[in-house]
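Take a look at the structure set out below.
There are 2 protein chains.
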Amino acid sequence: MDDKSVKLSGSFKGNTAPKSFNKNPIKGTKFTIAISSAKGGVGKSTFAMNFALALKSLNCKVGILDADIYGPSLPKMFSINEKPKSEDGKSMKPINQYGIQCMSIGFLVDEETPMIWRGPMVTSAIKTFTQKVLWNDLDFIIVDMPPGTGDTQLTFAQEIKVDGVIIVSTPQEIALLDVKRGIKMFDKLKVPILGLIDNMSFFQPEDGKKYNIFGEGGVEKTAKKFNKKFLGQIPIDIDLRISADSGKPLVEKTPDHKVSKIFTDIEKTIKGSFL
Amino acid sequence: MDDKSVKLSGSFKGNTAPKSFNKNPIKGTKFTIAISSAKGGVGKSTFAMNFALALKSLNCKVGILDADIYGPSLPKMFSINEKPKSEDGKSMKPINQYGIQCMSIGFLVDEETPMIWRGPMVTSAIKTFTQKVLWNDLDFIIVDMPPGTGDTQLTFAQEIKVDGVIIVSTPQEIALLDVKRGIKMFDKLKVPILGLIDNMSFFQPEDGKKYNIFGEGGVEKTAKKFNKKFLGQIPIDIDLRISADSGKPLVEKTPDHKVSKIFTDIEKTIKGSFL
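Quick mapping for you: the protein sequence lines, in order, are chains A and B.
Sequential numbering from 257 applies to the first sequence in our numbering.
Sequential numbering from 257 applies to the second sequence in our numbering.
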């Protein structure tokens, strides 16, 4: 009997090939920046929220689109407990909080209700958020992407003019593997990558020593390998986590915090490449 | 003009309602245990791999099905670099490593290739792994689930007899929100929940102090609230991360490590409820 190695069949492979699409900007917005990671739980949402607030503090008009249908974080992180209003029953007004226009699937359902949805339903929700929300004269819309390389990523890459992606990762090797897959996906789908962030870089307890809990240097190395910009390190910081859990992100709550200042510095780089 | 609150339309809601399905066990296996978290990056895969190895050390025959199509971890965590063999061109043999039968999408593609797939492709891959893999006389098959409450979770819940789910979370509130959604999903889909694990509970550096980096007690509280079993705490441990990154999980590499012993204790509880 002949033992053969198994590979993906042609029909599977065919579906991963890129096609051309008409890409439109999200109505009411100038630039769309997606925050992605491919891997979940690396602090992507905490980064996205603080990133948006830091952009606002540089006098930009900013919106946040929480595109994580299965695990929306925006309602909790921004203490939003109201439902969006509609004047015509078709479109929705974003909710204003901390001077930022916000939209999330979490505004439409109870916070503990799971969205037990197959892919096409997710795609349809994403289309609603990009086409039916009355974003008002935004310089930047920040899209908090879900983990993975599936329906949401494909819908954005194929149908929306995404001006840049920031990829967030912890330095752990197993997370970086997902990041590499993410980079290859965005390159393949021709979405420009603005740079990589090394999140949860180290923890510095009261003894003053730095502990590289998740490893060291891996994100910068990955950026170099793929010829992408390295945007900086954000340490593990208990204040950052507490503020996210409390519904008022650190950049808004304590703008002078050393970690808030890291965000503002990153922001200046990013803003400078657009405006 | 009349401002109305927006809710999910009926057609969206209809799709979240449970239906009845014929559920079959995975061929060649006695019990299927899924490791889930709804939230990514909480250490679910590290837990799943060490969990499987601890079960093996209790003289069970164990397999691991890596069901995370977008972010497979098994090839890296178990140092597997070979492709599965097929004798008839239809079925696949699992790969044996550390005495465990293994299958992952990562065995079929290069480790950095992203699976840029929409939902139906994911479902089809999951069906291949549950129907076309020659699992051989296993007591337990451990399924490492992806984050979310989407296609993979639905496919398992509707088509496969899952004997129990273990839910892994960090104590961070924003992670617990996803966990609550996960619990509600499995309850709705009538998949029994074996219990909850509090992962990355605390970090204890050389100064001996305990730092609750991600918060404290939230997982146990959530277990109580939903009337589920609390299975225990696993600390943040640099050895645990290094061993996962190095391709030989801690329970296999250092069975006497204090963290390995936590796994063996959890295992005894779980094994006892089945065999």
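Each residue gets a CB set at the ideal place from its N, CA and C atoms; glycine is no exception.
Taking 6 Å as the limit between beta carbons, can you name the residues of its chain near residue i, skipping five residues before and five after?
i: Phe-442(B); result: Val-421 and Ile-449
i: Ser-301(A); result: Ser-329 and Asp-400
i: Lys-509(A); result: Ser-499
i: Gly-402(A); result: Checking the displayed sequence, the identity of residue 402(A) turns out to be Pro instead of Gly. Here the set comprises Asp-324 and Thr-408.
Within a Cβ cutoff of 7 Å, which residues of the same chain sit near residue i, ignoring the five residues on either side of it in sequence?
i: Leu-311(A); result: Val-318, Phe-396, Glu-523 and Lys-527
i: Thr-379(B); result: Asp-407 and Thr-411
i: Ala-431(B); result: Lys-295, Val-298 and Ser-425
i: Thr-288(B); result: Pro-281, Ile-282, Ile-397, Val-399, Ile-416, Lys-417, Val-418 and Asp-419
i: Asn-392(B); result: Gly-284 and Gln-357
i: Thr-386(A); result: Ile-282 and Ile-416
Compare the C-alpha of residue i against each of the options and name the closest.
i: Ile-356(A); options: Lys-481(A), Leu-330(A), Ala-294(A) and Ala-431(A); result: Leu-330(A)
i: Glu-472(A); options: Ser-347(A), Glu-367(A), Ala-304(A) and Gly-488(A); result: Gly-488(A)
i: Lys-485(A); options: Val-507(A), Phe-458(A), Thr-525(A) and Ile-518(A); result: Thr-525(A)
i: Lys-286(B); options: Ile-336(B), Ile-469(B) and Ile-416(B); result: Ile-416(B)
i: Leu-537(B); options: Gly-451(B), Gly-404(B), Asp-495(B) and Ala-413(B); result: Residue 537(B) lies beyond the stretch modelled for chain B, which goes from 257 to 531, so this question has no answer here.
i: Gly-503(A); options: Asn-337(A), Thr-288(A) and Asp-322(A); result: Asn-337(A)
i: Trp-373(A); options: Tyr-354(A), Asp-366(A) and Ala-381(A); result: Ala-381(A)
i: Glu-476(A); options: Ile-492(A), Ile-494(A), Ile-320(A) and Gln-428(A); result: Gln-428(A)
Taking Cβ positions only, does residue i come closer than 8 Å to chain A?
i: Tyr-326(B); result: yes
i: Gly-270(B); result: With a pLDDT of only 49 at Gly-270(B), under the threshold of 50, the placement of this residue in the model should not be trusted; the figure read from the coordinates follows. Taking Cβ atoms only, chain A never reaches closer than 8 Å to Gly-270(B), which makes this a no.
i: Val-243(B); result: In the structure displayed, chain B extends from 257 to 531; residue 243(B) sits before or after that span and is not available.
i: Gly-473(B); result: no
i: Asp-463(B); result: yes
i: Asp-535(B); result: Given a span of 257 to 531 for chain B in the structure shown, any question on residue 535(B) remains unanswerable.
Does the beta carbon of residue i come closer than 8 Å to any beta carbon on chain B?
i: Phe-459(A); result: yes
i: Gly-406(A); result: yes
i: Asp-419(A); result: no
i: Met-401(A); result: no
i: Gly-297(A); result: yes
i: Glu-368(A); result: yes
i: Gly-375(A); result: yes
i: Asp-434(A); result: yes
Measuring only the C-alpha atoms, how far is residue i from residue j?
i: Ser-516(B); j: Asn-306(B); result: 8 Å
i: Lys-446(A); j: Phe-334(A); result: 32 Å
i: Asp-521(B); j: Lys-514(B); result: 11 Å
i: Lys-480(B); j: Asn-483(A); result: 49 Å
i: Asp-324(A); j: Gln-409(A); result: 10 Å
i: Phe-459(B); j: Arg-437(A); result: 30 Å
i: Lys-339(B); j: Phe-363(B); result: 5 Å
i: Lys-346(A); j: Lys-388(A); result: 7 Å
i: Asn-315(B); j: Ile-518(B); result: 17 Å
i: Ala-478(A); j: Ser-529(B); result: Checking the sequence, you will find Thr at residue 478(A) rather than Ala. In a straight line, the C-alpha of Thr-478(A) is about 44 Å away from that of Ser-529(B).
i: Lys-383(A); j: Lys-383(B); result: 28 Å
i: Phe-470(B); j: Leu-452(A); result: 23 Å
i: Gly-375(B); j: Pro-376(A); result: 7 Å
i: Glu-462(B); j: Lys-465(A); result: 9 Å
i: Ala-308(B); j: Ile-351(B); result: 15 Å
i: Leu-390(A); j: Lys-349(A); result: 5 Å
i: Glu-368(A); j: Lys-440(B); result: 8 Å
i: Ile-423(B); j: Leu-394(A); result: 40 Å
Residues in its own chain within less than 8 Å of residue i by CB, not counting five upstream and five downstream?
i: Pro-370(B); result: Tyr-326
Mind pulling the beta strand (DSSP E) runs of 3 or more residues that sit fully within the stretch 442-474 of chain B? 449-459
Please list the segments of the beta strand (DSSP E) lying wholly inside the stretch 477-529 of chain A, counting only runs of 3 or more residues, in order along the chain. 486-490
What are the uninterrupted segments assigned as beta strand (DSSP E) that are 3 or more residues long and contained completely in the stretch 325-374 of chain B, given in chain order? 351-353 and 356-360
Output the residue ranges of the beta strand (DSSP E) runs that lie fully inside the stretch 379-421 of chain B and measure 3 residues or longer, sorted by chain position. 394-400
Which full runs of the alpha helix (DSSP H) of 4+ residues lie inside the stretch 280-317 of chain A, going along the chain? 300-313
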